[in-house]
Amino acid sequence: MKKHNLLLTSVLVTSVLVACTGNSVKQTGNTLNTTQKEVLKMSYPITKKGDVVDNYFGTDVADPYRWLEDDRSEETGAWVAEENKVTFDYLSQIPYRGQLKSRLAELWNYEKVGAPFKEGDYTYFYKNDGLQNQYVVYRQKDDGKAEVFLDPNSFSEDGTTSLGQLSFSKDGSIAAYAISEGGSDWRKIIIIDVETKKVLETPLIDVKFSDISWFKNEGFYYSSYDKPTGSELSAKTDQHKLYYHVLGQPQKDDKIIFGNTAEQKRRYVSGSVTEDNRFLLISGAISTSGNDLYLKNLTKPNSPLVTITDDFAADTYVIENEGDKLFLVTNLNAPNKKIVTVDASAPESKNWTDFITETDYVLSASTGGGYFFTEYMVDAISKVYQFDYQGNQVREISLPGAGSASALAGHKNESTLYYSFSNYKTPGTIYRYNIDKGNSDVYLKSGAKFDSDTYESQQVFYPSKDGTKVPMIITYKKGLELNGKNPTILYGYGGFNISLTPSFSVARAVWLEQGGIYAVANLRGGGEYGKEWHKAGTQLQKQNVFDDFIAAGEYLIKQNYTSSDYLAIQGGSNGGLLVGAVMTQRPDLMQVALPAVGVLDMLRYHTFTAGAGWAYDYGTAEQSEEMFTYLKAYSPVHNVKAGVSYPATMVTTGDHDDRVVPAHSFKFAAELQAKQAGTAPTLIRIETNAGHGAGTPVSKTIEQYADIYAFTLFNMGFTVLPSASSK
């Protein structure tokens with residue numbers, strides 16, 4: 026059964042400290058005006074230091090800001106308030122901050138509609154009228170008038186309660202949906218009658234990192250951890266469990282299906298039911314890479330769990346079944362992934378048969394309308410093919426251009442599927458695909474008031490430190506003069522097998538309107554070239570990721586797109602680590618650094634929430650002396666050095682981030698302000714009642730981007746917006 030998510034990514038926030046004489050703006054032909062001179066007089070509060078020291082393999086490591094890990098204490102709360110005051114006082118003095126916010130709101134204010142999907146008697150779709158904080162779920166029957174089904178904007182007054190998972194029972198008559206309050210990863214699940222929209226029972230609570238997968242109309246499977254002791258936002262959660270909820274039954278009586286024994290200890294567990302209600306598939310993982318996979322025959326009530334694979338070195342999942350014939354996507358002995366088949370009676374890997382073989386490009390697969398759809402990333406750009414259930418290629422699907430296509434997915438009996446297509450300069454358009462004929466036509470064109478024809482995106486390949494060729498897409502206004510003076514944001518991620526593919530962003534469009542360049546580097550550690558590309562940026566090879574990013578900045582400067590005076594680097598989460606590591610290794614490379622919700626304390630990241638599951642990518646300080654030494658050598662918190670001039674920095678985080686806890690950002694900001702030798706500002710912007718990013722209200726997102734762009738341009742020396750001046 027399909028689950029329907031609307032994930033809205035956004036840049037987040039954080040805070041800062043210590044005595045500092047102020048901030049400087051490099052004079053690049055622009056004269057400092059009165060406002061800028063006044064801003065230079067700002068100072069910062071001093072953050073106290075503790076005497077905590079940890080010992081790793083005989084090496085003492087001081088942790089003076091350990092007290093900031095207590096995110097619920099009054100002392101930390103007071104620190105957050107004081108640091109936010111400094112930050113917002115600074116931002117309020119930037120003369121064009123309001124202009125940026127107004128332009129962001131103006132460009133954001135158009136109707137946005139998601140691809141429709143069919144459940145039961147209704148067709149559903151997400152829509153935002155323009156500036157609504159959260160997307161609204163609408164429905165219509167046949168050609169009837171659309172009506173509101175769920176309006177998350179009514180969930181809370183300030184728009185900070187968001188809709189997550191939305192899943193329908195097999196006949197579409199009952200819906201279960203998850204809500205997040207204040208950006209937290211902890212969820213509540215609410216169950217309603219689809220026709221009346223009446224809540225059927227007491228909501229389920231304390232659900233985390235969970236799908237909602239229905240068995241018939243009787244109940245559904247979901248996942249969670251035991252509620253931690255101590256801070257709900259930062260305490261370690263280590264053993265994930267899969268539950269089955271019977272409709273009308275109290276949550277306390279829900280049966281644990283997997284994860285209740287030491288032998289079944291997994292950090293991440295999920296369960297999904299095949300569309301024909303025949304099988305339950307259970308995936309368990311001890312890290313963010315690799316899983317074991319189990320099968321239970323639901324047609325036989327007391328059937329045992331059968332192991333499909335217990336090889337944690339590979340990622341494997343069931344995508345489809347025809348009776349007892351299973352179709353699995355795997356990268357076991359196939360780094361770029363392939364699809365195999367096996368009979369459910371003997372599903373072990375030794376019995377697998379290739380169905381769609383591995384290619385030179387990374388595979389993503391989906392099903393709908395009785396066909397398989399395979400999307401391949403060719404240098405991070407989509408190519409999509411249609412296959413029948415015998416493994417024959419039916420056709421390549423013609424896409425509108427070079428960019429990213431969303432998955433073609435739906436129920437097996439559908440004749441029409443929908444997908445969206447966009448790239449860095451082209452707003453997303455929804456296409457309707459006729460499965461039998463193979464034709465696509467425009468279903469809904471974007472209403473964004475942005476003239477994409479006046480911009481261009483160019484893909485380049487540049488050499489990293491070790492000679493590895495790394496792709497990067499650079500987007501800018503046509504006719505751009507390569508004079509080294511163009512404000513440029515270089516964005517990266519480089520981790521967890523995640524691929525950065527071209528997509529449109531309203532916020533990015535405003536940056537481009539200012540004459541800005543936006544460059545995205547597809548670094549090692551990501552998934553753009555399969556498992557080997559991912560592994561090349563993990564653990565004792567993590568420095569490759571930072572080298573790739575540094576080389577991207579050097580390429581942009583060498584080719585005269587920009588210069589260090591006009592270069593900003595940006596990334597979030599693992600990308601926040603990227604920015605923190607690069608700015609401490611090469612503070613001379615950039616003028617501005619923008620680490621968001623970053624993993625910045627590499628010696629302690631695994632002690633919070635589900636952070637231990639990231640060890641596949643990072644390793645841990647307790648793993649070995651070699652790993653400890655390697656982590657300490659690049660950990661941003663531990664590599665801020667006194668006497669170094671760091672770039673203008675605005676750290677951003679959310680006070681309810683329970684994935685990458687805000688203590689990472691708090692500590693890093695404290696270290697920067699304590700040790701900054703230069704006069705560039707090191708601010709921290711902490712969004713209150715916000716989490717890791719998903720579900721952030723549009724109003725907060727607009728404010729965040731306005732502040733980030735204002736801070737960036739101001740510290741590049743712009744007294745007025747670039748679009749209103751000529752350099």
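Residue 26 is where the sequence shown starts when you use this note's numbering, and the numbers rise one by one after that.
Glycine included, every Cβ here is placed at the ideal spot set by N, Cα and C.
Span separating the alpha-carbon of residue i from that of residue j
| i | j | result |
| --- | --- | --- |
| P706 | R122 | 17 angstroms |
| I542 | A618 | 15 angstroms |
| K375 | V365 | 11 angstroms |
| Y591 | N522 | 30 angstroms |
| Q61 | Q118 | Low confidence applies to Q61: its pLDDT is 47, below 50, so where it sits in the model is not reliable, and the reading given next is rough at best. Q61 and Q118: Cα-Cα distance of roughly 8 angstroms. |
| T737 | I514 | 9 angstroms |
| N361 | E481 | 30 angstroms |
| G742 | E421 | 49 angstroms |
| S249 | V343 | 22 angstroms |
| D301 | E557 | 36 angstroms |
| G309 | N109 | 40 angstroms |
| A640 | M627 | 10 angstroms |
| V624 | S649 | 20 angstroms |
| E131 | A534 | 12 angstroms |
| Q616 | G578 | 11 angstroms |
| V669 | A699 | 11 angstroms |
| T101 | A473 | 41 angstroms |
| D642 | T674 | 26 angstroms |
| T744 | P120 | 8 angstroms |
| G155 | K137 | 7 angstroms |
Unbroken alpha helix (DSSP H) run spanning residue i, endpoints
| i | result |
| --- | --- |
| K692 | A688 to K700 |
| A735 | V723 to F739 |
| T609 | N599 to Q610 |
| K560 | K556 to K560 |
Identity of the residues DSSP links to residue i by a beta bridge
| i | result |
| --- | --- |
| D379 | V365 |
| S530 | Note: S530 sits in no beta bridge, so no partner. |
| F412 | F397 and Q418 |
| P620 | G596 |
| I542 | T513 |
| Y501 | E481 |
| A390 | T399 |
Segment limits, beta strand (DSSP E) that includes residue i
| i | result |
| --- | --- |
| E421 | Q418 to I422 |
| V161 | V161 to Q165 |
| T341 | T341 to E347 |
| N153 | Y147 to N153 |
| K770 | No information on residue 770 is available, as it lies outside the stretch 26 to 752 that the chain covers here. |
| K143 | F142 to E144 |
| F521 | Looking at the DSSP string, F521 is not in any beta strand (DSSP E), and its letter there is neither H nor E. |
| F240 | S238 to F240 |
Helix, strand or coil at residue i [DSSP, three-state]
| i | result |
| --- | --- |
| S589 | helix |
| G578 | helix |
| R710 | strand |
| A640 | helix |
| L565 | helix |
| E172 | strand |
| F571 | helix |
| V535 | helix |
| S370 | coil |
| E506 | coil |
| S748 | helix |
| K266 | strand |
| Y247 | strand |
| T632 | helix |
| K233 | strand |
| F743 | coil |
Residue i: CB within 6 angstroms of a non-hydrogen atom of the ligand ZN
| i | result |
| --- | --- |
| E696 | This structure lacks the ligand ZN; in fact it carries no ligand of any kind. |
Any C-beta of chain B under 7 angstroms from that of residue i
| i | result |
| --- | --- |
| T677 | Absence of chain B from the displayed structure is noted, only one protein chain being present. |
Segments of 3+ residues assigned as beta strand (DSSP E) that fall wholly inside the segment 176 to 230: 186 to 193, 199 to 206 and 211 to 218
Alpha helix (DSSP H) runs contained entirely in the segment 68 to 139, provided each spans 4 or more residues: 99 to 117 and 122 to 133
Contiguous beta strand (DSSP E) assignments of at least 3 residues, all confined to the segment 268 to 333: 280 to 283, 293 to 298, 304 to 310 and 317 to 322
Contiguous beta strand (DSSP E) assignments of at least 3 residues, all confined to the segment 414 to 499: 418 to 422, 441 to 447, 454 to 459, 464 to 469 and 480 to 488
Residue ranges of each beta strand (DSSP E) within the segment 644 to 688, 3 or longer: 673 to 679
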